[in-house]
Structure formats: structure tokens, C-alpha cells
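Have a look at the structure below, then the notes.
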Amino acid sequence: MRPRRLAGQLRRWFILLCLLTVLLSFLAVKLNTQRNTTPSPQYLLRDDGGRICLFSADGSEELRKYDILTRLLPEGDVEALRTGVPVYTEDELLRLVEDYGG
């Protein structure tokens, strides 16, 4: 192979390697950003008149009232329900309601 042709091929490989490095760096930053973002809650569980209620995420709309009396729960759970427990998924909602309902 001629030296000039070899130099051209090396230059192309170097450019390709640089582009690949930039692309991988961009993807790494993008993935890291997605990992660090906190998802928004879908619902809010709160004490309402002594019972656990499911509210919209912003707490403005009551969606469901459960027959679970908050006065029967441990004090830590009662405090959390006074301020509101954010719920991120349907699975988490089912688990929490089961836990509170005993």
C-alpha cells in the first residue's frame, strides 16, 4: 500500500473513531440524565376523615375512599398519611393498600 493511501485510510478511521466517541458520550449523558430524573407520582394516599383516600397526584380530586381506618395504623403510617403518601405505580398502590389494610 502506498504511504499516501495508508494516511488517508488512517485519517478516515480516526474521524470515524472520533464520531463514535462523541456518539457514545452523548448516549452516556442521556442515559445518566434519565436515570437521575425522579418520576412524578400518579396518585396521593391521604387520611381523609379517619379513612385512607386515594387522590389525584396534586391532591385536588378524590378518586377512591377505602374502608381502612387510619386510627388503627401505627403512628408512623398515620403521620405519613396526614401529609400524603405519593404513589408512583399501580403495583405500588396495590401493595400500599394491602399493607395498610392488614
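Going by this note's numbering, the sequence shown opens with residue 1072, and the numbers climb by one from there. Glycine is no exception: its CB is placed at the ideal position from the N, C-alpha and C atoms. The model shown is predicted, which means the values in this text are computed figures rather than measured ones.
Status (buried if at least 16 other CB within 10 Å, exposed otherwise) for residue i
i	result
V1093	exposed
V1158	buried
V1156	buried
T1141	buried
L1091	exposed
I1086	exposed
Option nearest residue i by Cα separation, candidates the options
i	options	result
D1119	T1154, G1147 and S1096	T1154
Cβ separation of residue i and residue j, assumed to be a contact under 8 Å, to the nearest whole Å
i	j	result
A1128	Y1137	Contact flag wrong, Cβ pair sits at about 18 Å.
L1116	I1123	6 Å
- prompt: Which residue spans inside the stretch 1100-1165 form an unbroken beta strand (DSSP E) run of at least 3?
  reply: Segments of the beta strand (DSSP E) lying fully in the stretch 1100-1165: 1114-1119, 1122-1127, 1133-1140 and 1156-1158.
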